[in-house]
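Our numbering runs 220 ahead of the 1-based position in the sequence shown.
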Amino acid sequence: MSGTLFEAKRDRRSTRQGDLRLETLEDRCLLANNIAYDAVSKVVTITGTPTADHAYIRVVGSQVVVTLKDIASDTILDERSFAPASVKKFVSLGGDGDDVLINDSTTKVVAYGGGANDYLEGGLGGDKLFGGDGDDILVGFKGSDKLYGEIGTDMLFGMQGKDLLDGGVGDDGLFGGAGSNQLADNLGQNTLDPLTDGDLRTIYEPYGSAKLADYFNNSGGQDELSQIEREIFNLLNQERTSRGLAPLSLNSSLISAAQHHATNMASMNRMAHDLPGADLPTLLDRLRYYRYNYRNAGENIAYGYQSAQSVMNAWMNSSGHRSNILSPNFTEVGIGVRYSSGGTPYYCQVFGRPA
Numbered sequence: 221m222s223g224t225l226f227e228a229k230r231d232r233r234s235t236r237q238g239d240l241r242l243e244t245l246e247d248r249c250l251l252a253n254n255i256a257y258d259a260v261s262k263v264v265t266i267t268g269t270p271t272a273d274h275a276y277i278r279v280v281g282s283q284v285v286v287t288l289k290d291i292a293s294d295t296i297l298d299e300r301s302f303a304p305a306s307v308k309k310f311v312s313l314g315g316d317g318d319d320v321l322i323n324d325s326t327t328k329v330v331a332y333g334g335g336a337n338d339y340l341e342g343g344l345g346g347d348k349l350f351g352g353d354g355d356d357i358l359v360g361f362k363g364s365d366k367l368y369g370e371i372g373t374d375m376l377f378g379m380q381g382k383d384l385l386d387g388g389v390g391d392d393g394l395f396g397g398a399g400s401n402q403l404a405d406n407l408g409q410n411t412l413d414p415l416t417d418g419d420l421r422t423i424y425e426p427y428g429s430a431k432l433a434d435y436f437n438n439s440g441g442q443d444e445l446s447q448i449e450r451e452i453f454n455l456l457n458q459e460r461t462s463r464g465l466a467p468l469s470l471n472s473s474l475i476s477a478a479q480h481h482a483t484n485m486a487s488m489n490r491m492a493h494d495l496p497g498a499d500l501p502t503l504l505d506r507l508r509y510y511r512y513n514y515r516n517a518g519e520n521i522a523y524g525y526q527s528a529q530s531v532m533n534a535w536m537n538s539s540g541h542r543s544n545i546l547s548p549n550f551t552e553v554g555i556g557v558r559y560s561s562g563g564t565p566y567y568c569q570v571f572g573r574p575a
């Protein structure tokens with residue numbers, strides 16, 4: 221289709237190279253166990269453990285103090301202090317436990333809950349909170365925040381400021397709070413309260429349904445894919461089986477990676493495999509974070525197409541994309557479709573074969 225761009229990317233590894241490789245840290249990155257500071261980007265990264273952790277960011281005197289504790293034993297795992305001017309952003313990477321992240325500072329945080337049931341609370345800046353898997357509670361507090369429930373039964377509270385709340389897949393509750401808010405959700409039995417103290421600015425409705433009740437009371441809350449994502453998945457396997465190839469199965473880690481990248485592309489209004497400045501900017505970053513240990517991996521992206529069939533036609537008419545779709549080296553796939561504030565759809569397919 222004229223004026224519509226799309227790209228393909230592949231990253232194949234041999235069996236011996238199946239494990240993901242960690243990138244070498246440069247001297248500019250000072251490590252202190254679970255809390256790392258990059259002096260060039262001015263980013264503090266908090267990395268949780270596989271058990272339940274409590275990450276607390278707060279102002280103490282003239283310093284911003286970051287503490288990571290093990291919840292079960294109430295033991296401090298790591299703690300560091302920073303001058304406020306030296307930190308541009310906090311990034312919190314939760315593990316598989318029921319984690320807690322509280323940002324009681326004016327510096328913005330980008331927080332990923334990871335697995336299990338997490339509580340993430342933003343501060344006074346414009347925060348981005350990703351619940352991940354599990355039944356999560358996300359609280360924006362003050363500032364213009366972006367909250368993504370992702371998979372599970374989530375509760376999202378915008379509180380104060382102009383917020384974006386996206387429940388993702390599952391039976392979610394979205395509460396806008398004060399300010400002019402944007403609320404969106406996929407499949408599930410959902411509760412919507414955008415008018416707590418402000419007004420609803422936008423509800424993203426990707427399927428063109430005229431009835432709001434139909435959109436927010438859709439059936440299928442146990443399904444990991446939205447309607448258009450499911451259509452793409454079915455069309456993909458039709459292309460494979462019609463040529464005698466085995467169908468691909470869905471993988472939750474690949475779904476999360478695809479939906480994460482589609483969200484980043486839509487929020488930045490930019491289509492690319494690598495998005496410098498975004499959270500989890502590369503395919504390798506996304507596969508690492510969502511714990512997909514692969515032998516082969518690949519990715520297709522696109523934007524602007526108005527239906528599952530049209531984007532699949534475009535991919536099949538491109539040799540690189542077609543090669544990914546029909547590759548016998550892939551056994552699993554994840555699909556992500558997200559919409560920009562202007563309503564432009566961004567598409568992502570992530571293919572894999574586990575190591």
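Think of the CB as a built atom: it goes at the ideal place given N, C-alpha and C, for glycine as much as any other residue.
Here the structure is a predicted model, which means the values were calculated and not measured.
For this session: State the Cα-Cα distance for the pair L384 and R463, rounded to the nearest angstrom.
Result: The straight-line gap from Cα to Cα measures roughly 43 Å.
Problem set entry | Best match in V260, S560, D316 and L474 for proximity to G351 [C-alpha to C-alpha] | For the options V260, S560, D316 and L474, the alpha carbon positioned closest to that of G351 is the one of D316.
Exercise. Can you round the beta-carbon distance between L344 and A331 to whole angstroms, since I take them to be within the 8 Å contact cut?
Worked result: Not really, about 15 Å apart at Cβ, beyond 8 Å.
For this session: Label S527 either buried or exposed according to how many other C-beta atoms from any shown protein chain fall within 10 Å of its C-beta, with 16 as the threshold for buried.
Result: By the 10 Å Cβ count, S527 comes out exposed.
Exercise. Going by the beta-carbon positions, is the gap between R300 and V286 smaller than 8 Å?
Worked result: Yes, Cβ-Cβ distance for R300 and V286 is below 8 Å.
Problem set entry | Distance between A305 and N520 (C-alpha atoms, nearest Å) | N520 and A305 have their alpha carbons spaced roughly 40 Å apart.
Exercise. Exposed or buried, which one is D294 when buried takes at least 16 other CB atoms within 10 Å?
Worked result: Its Cβ having fewer than 16 others within 10 Å, D294 is exposed.
Exercise. Going straight from the alpha carbon of I448 to that of S543, what length do you get?
Worked result: For I448 and S543, the gap between their C-alpha atoms comes out near 22 Å.
Exercise. Do you know how far the Cα of H541 is from the Cα of W535?
Worked result: Cα-Cα distance, rounded: 5 Å.
Problem set entry | Length-filtered (4 minimum) alpha helix (DSSP H) runs lying within the segment 461 to 506 | Taking only runs of at least 4 residues, the alpha helix (DSSP H) segments lying wholly in the segment 461 to 506 are 472 to 488.
Exercise. Among the residues of its own chain, which have a CB less than 8 Å from the CB of T327, if the five just before and after it don't count?
Worked result: Same-chain partners within the cutoff: I277, V284, P304, V307, K308, K309, F310, G343 and G345.
Exercise. Quick one: Cα of F550 to Cα of L321, how far?
Worked result: The straight-line gap from Cα to Cα measures roughly 36 Å.
For this session: Starting from the Cα of P270, find the closest Cα among V264, A259, V263 and A292 and give me that residue.
Result: Nearest of V264, A259, V263 and A292 to P270, Cα basis: A292.
Problem set entry | Q529 - containing alpha helix (DSSP H), residue span | Start and end: A528 to M536.
For this session: With DSSP as the reference, label S547 as helix, strand or coil.
Result: In the structure shown, S547 sits in coil (DSSP, three-state: anything other than H, G, I, E or B).
Exercise. Run through DSSP, which three-state label would P565 get?
Worked result: DSSP places P565 in strand when its eight states are reduced to three.
Problem set entry | Proximal residues to M485 (C-beta, below 6 Å), its chain only, five neighbours per side dropped | Within the same chain, M485 has close Cβ partners M491 and Y566.
For this session: Can you grab the Cα-Cα spacing for the pair D273 / E459, in whole Å?
Result: Within the model, the alpha-carbon separation for D273 versus E459 is close to 45 Å.
For this session: Keeping to the same chain, check which residues put their C-beta closer than 7 Å to that of G562; ignore five residues upstream and five downstream.
Result: Here the set comprises nothing.
Problem set entry | Where the beta strand (DSSP E) through R558 begins and ends | Unbroken beta strand (DSSP E) run through R558: E552 to Y559.
Exercise. Quick one: complete beta strand (DSSP E) runs, 3+ long, within the segment 260 to 298?
Worked result: 263 to 267, 273 to 280 and 283 to 290, all fully within the segment 260 to 298.
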